[in-house]
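Visitor: Take 1 as the starting number for the sequence shown in UniProt numbering and just add one per residue. Here it is: the structure, laid out below.
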Amino acid sequence: MDKKTHAFQAEVKQILHLVTHSLYSNKEIFLRELVSNASDACDKLRFEALDQAALYEDAPNLEVRVFFDAEAKTLTIRDNGIGMSADEAVAHLGTIAKSGTREFMARLEGDQKKDANLIGQFGVGFYSGFIVADRITVESRRAGLPADQGVRWSSEGTGDFEVEAIHKASRGTDVILHLRDGEEDFLSTWRLKSIISKYSDHISLPILMQKESWDAEAGKQVKSEDEWESVNKASALWARSKSEVTQEEYDSFYKQISYDTEAPLAHTHNRVEGRSEYTQLLYIPAKAPFDLWNRDKRGGVKLYVKRVFIMDDAESLMPVYLRFVKGVIDSADLPLNVSRELLQESRDVKAIREGSTKRVLSMLEALANSEDAAERDKYAAFWKDFGQVLKEGIGEDHQNQERLAKLCRFASTQAEEGVSFADYVARMKESQEAIYYISADSLAAAKNSPQLEIFRKKGIEVLLLTDRVDEWMLSHLYEFEGKPLQSVAKGAVDLGTLQDEEEKKKVEQAAEAFKPVLERLKEALKDRAKDVRVTTRLVDSPACVVVEQGDMSPHLTRLLKQAGQSAPVSLPTLEVNPEHALVKKLDGSTHFEDLAQVLFDQALLAEGGQLDDPAAYVRRVNALLLG
Numbered sequence: 001m002d003k004k005t006h007a008f009q010a011e012v013k014q015i016l017h018l019v020t021h022s023l024y025s026n027k028e029i030f031l032r033e034l035v036s037n038a039s040d041a042c043d044k045l046r047f048e049a050l051d052q053a054a055l056y057e058d059a060p061n062l063e064v065r066v067f068f069d070a071e072a073k074t075l076t077i078r079d080n081g082i083g084m085s086a087d088e089a090v091a092h093l094g095t096i097a098k099s100g101t102r103e104f105m106a107r108l109e110g111d112q113k114k115d116a117n118l119i120g121q122f123g124v125g126f127y128s129g130f131i132v133a134d135r136i137t138v139e140s141r142r143a144g145l146p147a148d149q150g151v152r153w154s155s156e157g158t159g160d161f162e163v164e165a166i167h168k169a170s171r172g173t174d175v176i177l178h179l180r181d182g183e184e185d186f187l188s189t190w191r192l193k194s195i196i197s198k199y200s201d202h203i204s205l206p207i208l209m210q211k212e213s214w215d216a217e218a219g220k221q222v223k224s225e226d227e228w229e230s231v232n233k234a235s236a237l238w239a240r241s242k243s244e245v246t247q248e249e250y251d252s253f254y255k256q257i258s259y260d261t262e263a264p265l266a267h268t269h270n271r272v273e274g275r276s277e278y279t280q281l282l283y284i285p286a287k288a289p290f291d292l293w294n295r296d297k298r299g300g301v302k303l304y305v306k307r308v309f310i311m312d313d314a315e316s317l318m319p320v321y322l323r324f325v326k327g328v329i330d331s332a333d334l335p336l337n338v339s340r341e342l343l344q345e346s347r348d349v350k351a352i353r354e355g356s357t358k359r360v361l362s363m364l365e366a367l368a369n370s371e372d373a374a375e376r377d378k379y380a381a382f383w384k385d386f387g388q389v390l391k392e393g394i395g396e397d398h399q400n401q402e403r404l405a406k407l408c409r410f411a412s413t414q415a416e417e418g419v420s421f422a423d424y425v426a427r428m429k430e431s432q433e434a435i436y437y438i439s440a441d442s443l444a445a446a447k448n449s450p451q452l453e454i455f456r457k458k459g460i461e462v463l464l465l466t467d468r469v470d471e472w473m474l475s476h477l478y479e480f481e482g483k484p485l486q487s488v489a490k491g492a493v494d495l496g497t498l499q500d501e502e503e504k505k506k507v508e509q510a511a512e513a514f515k516p517v518l519e520r521l522k523e524a525l526k527d528r529a530k531d532v533r534v535t536t537r538l539v540d541s542p543a544c545v546v547v548e549q550g551d552m553s554p555h556l557t558r559l560l561k562q563a564g565q566s567a568p569v570s571l572p573t574l575e576v577n578p579e580h581a582l583v584k585k586l587d588g589s590t591h592f593e594d595l596a597q598v599l600f601d602q603a604l605l606a607e608g609g610q611l612d613d614p615a616a617y618v619r620r621v622n623a624l625l626l627g
């Protein structure tokens, strides 16, 4: 093939400018990206060679070599992985962020197609080389092709690139960076070693560099042409003993796999033995990612089998409510060509999932229950960012429901935040039988709800639930340590022995005396209220609306409607306070109908509801004010 010039696709000139000037804040990142690409190419070869051992040719040992030529100002990253054909070089290197994986998968058939998911990507990372280079040359030959079908790809990263056929005896790829002026710092063995150690130490295949020795006559270090040495530990970080790994290494690895700029909140590193053997290195981020609320997004756990990379984001290894967890699981039991169907059905995978879930919950429990205030503060920060997602597990993971309930934190009438169910139970009144809560659209609406008045008067703590997921969570969580969860906005209030006989007798007498007015109210509100009764829960407010125990709460009804879903229609019950001046005014009023409607509307508004006819409410209030 003669040398041909091709134009980049998709406005690559502008995108390359963005990549090389804005994508990376640290120049040395380019070496991490190129070494990772080289490692991925070796992983891809290892995978294809499961069925075609001949692809190894005469070089079964996979490796990456990094070397430089100070005089020519070139830096080369060489791998003996899968390599590229001429067509692949044009397709993969001529389009920004184009992965060879899609075509790689398309060539596979049947179950293999699923096995190869996301093994190695040759994407934006390649173009990071232009951060330090004014020209990049790629020489490659795909494994299995003859030596005369090598390809050379070359570009200055502007508007076009050149492709020509070359003779290449060995399979794999050489990425040759022609360094721009001012980047000579990367033509140093010590500098390159330090970067590789920092970013790529965990890569499980050797990264080799030429040995150097002191030449007394020349007065400088001289590279050996024939001797190469490994400059990384050539073992996955998770495969090393915990005692050998520093916190800095753990944090650096987390940043590499998560693309986070902050250190993780916590991590766990364990080797699990038994029916299933696997190693887990799992991290909890310090901050919530932007896509945390996307339940369709796969998790952040990478699956390896015997240190061979199998797939990214293996959702079968972690429940959806723990989708924020990042890390690596390396199994010794799963087959190398594991498919997604096998992942979903395998008993070993189920054991890994259950074990990893429990390990993450143990991490969170250690933070939440620590005697160290700083650790508890970490958990408080975690809960603020991830609490709503963790609550999803109450309904999805019955096996761990009790542990998750203990990790939940809420606001209450006694504290702005951080109240656990255990805290609440410890502060319960001596004869209190239930855990009381109220759900609302906001903390202010919950705190100021009229339905809390009797509880405040009695000094009974009430949990204030304001997250959208709370109502759904409570449809699965009915009690905590034998104490039933009771909404203060459902059913008649029965405080048992917390309400003395004199109070109960007073309410009964008021209800009897107020009976004629109640009957008129029921008639006036027959289309809006299921019932009207004298309240036992109000102290300062004239009225409130409640629903019966089996009915859906108004708060959940509103959430469903906002989400465009249908909600069962159930009329609320109006409770009135016969001691309130506005309610007393009803008896004998010439504006009884208007007062009844206004009383109901105000009770709806106080509870956070919306009026079906706000204009009618305004007219009635104006008429009463003028009258």
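Every residue gets a Cβ at the ideal spot worked out from N, C-alpha and C, and that includes glycine.
(1) Say the cut is 7 Å; is the CB of R620 nearer than that to a heavy atom of the ligand COA?
(2) Taking F592 as the reference, give the member of I77, R520, S213, R409 with the closest Cα.
(3) Terminal residues of the continuous beta strand (DSSP E) containing G172?
(4) Quick one, which of L177, E212, A615 has its alpha-carbon nearest R135's?
(5) Determine the direct distance from the alpha carbon of T536 to that of P614, and round the result to whole angstroms.
(6) Along the chain, where does the beta strand (DSSP E) containing H269 start, and where does it finish?
(7) Please determine, among S442, V547, S224, K4, the residue with the shortest C-alpha to C-alpha distance to D215.
(8) Assuming Y413 and L464 make a contact with CB atoms under 8 Å, what is their CB distance in whole Å?
(9) Looking at the unbroken beta strand (DSSP E) that takes in R152, where does it start and where does it end?
(10) Would you decide whether P319 is buried or exposed? Buried here means 16 or more other CB atoms lie within 10 Å of its CB.
(11) In terms of DSSP beta bridges, what is V488 paired with?
(12) Check residue 629 in the structure and name its three-state DSSP category.
(13) Near N577, what residues of its chain come up, given a Cβ to Cβ distance below 7 Å and the 5 sequence neighbours on each side ignored?
(14) So which of E502, L595, G274 has the shortest CA-CA distance to K522?
(15) What does the Cβ neighbour count give for V349, buried or exposed, with the cut at 16 atoms within 10 Å?
(16) For Y283, which three-state DSSP category applies?
(17) Taking just the CA atoms, how far does D58 sit from V222?
(18) Could you tell me the alpha carbon to alpha carbon distance between D372 and M428, rounded to whole angstroms?
(19) Looking at C-alpha atoms only, which residue of G83, E183, S155, E33 is the closest neighbour of P146?
(20) For S252, which residues of its own chain have a beta-carbon under 8 Å away from its beta-carbon, when the five flanking residues on both sides are left out?
(21) Using a Cβ-Cβ distance cut-off of 8 Å, determine whether K585 contacts chain D.
(22) Give the C-beta separation of Y283 and G355 to the nearest angstrom, bearing in mind that I take them to be a contact with Cβ-Cβ under 8 Å.
(23) Given a cut-off of 8 Å, decide if Y437 and L485 are closer than it, judged by their beta-carbon atoms.
(24) For E453, which residues in the same chain have their Cβ closer than 7 Å to its Cβ, ignoring the five residues on either side in sequence?
(25) In the structure shown, what three-state DSSP assignment does Q221 receive?
(26) Do F386 and F324 have their C-beta atoms within less than 8 Å of each other?
(27) What's the call for R102, buried or exposed, on a 16-neighbour Cβ count within 10 Å?
(28) With 16 as the cutoff for other CB atoms within 10 Å, does K233 come out buried or exposed?
(29) Would you be able to state if there are at least three C-beta pairs under 8 Å between the segment 603-610 and the segment 618-626?
(30) Quick one: Cα of S85 to Cα of E244, how far?
(31) Can you tell me whether Q280 is buried or exposed? The criterion is at least 16 other CB atoms within 10 Å of its CB, across all chains shown.
(32) Taking the alpha-carbon positions, what's the Q602 to A524 distance?
(33) From this set, L518, V618, A529, Y617, which residue's C-alpha is nearest D587's C-alpha?
(34) Answer yes or no: do E88 and R142 have a C-beta to C-beta separation smaller than 8 Å?
(35) For D69, report the span of its beta strand (DSSP E) as first-last.
(36) Under the assumption that G172 contacts G81 (Cβ atoms under 8 Å), give the Cβ distance between them as a whole number of angstroms.
Guide: According to the structure shown:
(1) Within the structure as shown, the ligand COA is missing, as the structure has no ligands at all.
(2) For the purposes of this step, residue 592 is identified with residue 592 of the sequence shown, where counting begins at 1. Minimum Cα distance to F592 is reached at R520.
(3) The sequence position of residue 172 within the sequence shown is 172, counting from 1. Per DSSP, G172 belongs to the beta strand (DSSP E) from 172-179.
(4) Locating residue 135 in the sequence shown gives position 135, where the first residue counts as 1. Residue L177 is the option with its Cα nearest to R135.
(5) Counted from its first residue, the sequence shown places residue 614 at position 614. Counted from its first residue, the sequence shown places residue 536 at position 536. Whole-angstrom Cα-Cα distance: 29 Å.
(6) What you label residue 269 is simply residue 269 of the sequence shown in a count that begins at 1. Element bounds for H269: 266-272.
(7) Locating residue 215 in the sequence shown gives position 215, counting from the first residue. Out of S442, V547, S224, K4, S224 has the C-alpha closest to the C-alpha of D215.
(8) Taking the first residue of the sequence shown as 1, we reach residue 413 at position 413. Taking the first residue of the sequence shown as 1, we reach residue 464 at position 464. Position check: residue 413 holds Thr in this sequence, whereas Tyr was assumed. T413 to L464, Cβ: 7 Å. Contact.
(9) In the sequence shown, residue 152 corresponds to position 152, counting from 1. Taken as a continuous stretch (DSSP letters only), the beta strand (DSSP E) holding R152 covers 150-155.
(10) Position 319 of the sequence shown, counting from 1, holds the residue named residue 319. It is buried - the Cβ of P319 has at least 16 other Cβ atoms within 10 Å.
(11) Walking along the sequence shown from the start, residue 488 turns up at place 488. The partner list for V488 (beta bridge, DSSP) is empty, contrary to what the question assumes.
(12) A question about residue 629 goes unanswered here, because the residues of the chain that appear run from 1 up to 627.
(13) Against the sequence shown, residue 577 aligns to sequence position 577. Same-chain partners within the cutoff: T535, L538, S541, P542, A543, V583.
(14) Numbered from 1 along the sequence shown, position 522 holds the residue referred to as residue 522. Nearest C-alpha to K522: L595.
(15) The count along the sequence shown starts at 1 and reaches residue 349 at position 349. It is buried - the Cβ of V349 has at least 16 other Cβ atoms within 10 Å.
(16) Against the sequence shown, residue 283 aligns to sequence position 283. Three-state result, Y283: strand.
(17) Numbered from 1 along the sequence shown, position 222 holds the residue referred to as residue 222. Numbered from 1 along the sequence shown, position 58 holds the residue referred to as residue 58. V222 and D58: Cα-Cα distance of roughly 30 Å.
(18) As a working mapping, residue 372 is identified with position 372 in the sequence shown. As a working mapping, residue 428 is identified with position 428 in the sequence shown. The straight-line gap from Cα to Cα measures roughly 26 Å.
(19) Sequence index remark: in the sequence shown, residue 146 carries index 146 (1-based). If we check each option's Cα against that of P146, G83 comes out closest.
(20) By one-based count along the sequence shown, residue 252 stands at place 252. K198, Y199, listed in sequence order.
(21) Included in the structure is just one protein chain, with no chain D present.
(22) Here the question's residue 283 lines up with position 283 in the sequence shown. Here the question's residue 355 lines up with position 355 in the sequence shown. Y283 to G355, Cβ: 16 Å. No contact.
(23) Here residue 485 is taken as the residue at index 485 of the sequence shown, counted from 1. Here residue 437 is taken as the residue at index 437 of the sequence shown, counted from 1. Closer than 8 Å, so yes.
(24) Working through the sequence shown from its first residue, we reach residue 453 at position 453. Here the set comprises R537, L538, V539, D540, S541.
(25) On the sequence shown, position 221 is the one that residue 221 refers to. Three-state DSSP puts Q221 in a strand.
(26) Within the sequence shown, residue 386 is the residue found at index 386, counting from 1. Within the sequence shown, residue 324 is the residue found at index 324, counting from 1. Their beta carbons are under 8 Å apart, which means F386 touches F324 by this criterion.
(27) Against the sequence shown, residue 102 aligns to sequence position 102. The pLDDT assigned to R102 is 40, lower than 50, so where the model puts this residue is not dependable, and the model offers no usable value.
(28) Walking along the sequence shown from the start, residue 233 turns up at place 233. It is buried - the Cβ of K233 has at least 16 other Cβ atoms within 10 Å.
(29) no
(30) In the sequence shown, the residue the question calls residue 85 occupies position 85. In the sequence shown, the residue the question calls residue 244 occupies position 244. Their Cα atoms are separated by approximately 41 Å.
(31) Within the sequence shown, the letter at position 280 stands for residue 280. Buried.
(32) Looking up residue 602 in the sequence shown gives position 602. Looking up residue 524 in the sequence shown gives position 524. Their backbone Cα atoms lie some 15 Å apart in a straight line.
(33) Translated into the one-based positions of the sequence shown, residue 587 becomes position 587. Of the candidates L518, V618, A529, Y617, the one whose C-alpha sits nearest the C-alpha of D587 is L518.
(34) For the purposes of this step, residue 88 is identified with residue 88 of the sequence shown, where counting begins at 1. For the purposes of this step, residue 142 is identified with residue 142 of the sequence shown, where counting begins at 1. Against a cut-off of 8 Å, the Cβ pair of R142 and E88 comes out as a contact.
(35) Working through the sequence shown from its first residue, we reach residue 69 at position 69. It spans 64-69 - the beta strand (DSSP E) in which D69 sits, taken as one unbroken run.
(36) Start at 1 with the first residue of the sequence shown, and residue 172 comes out as number 172. Start at 1 with the first residue of the sequence shown, and residue 81 comes out as number 81. Right, their Cβ atoms sit about 5 Å apart.
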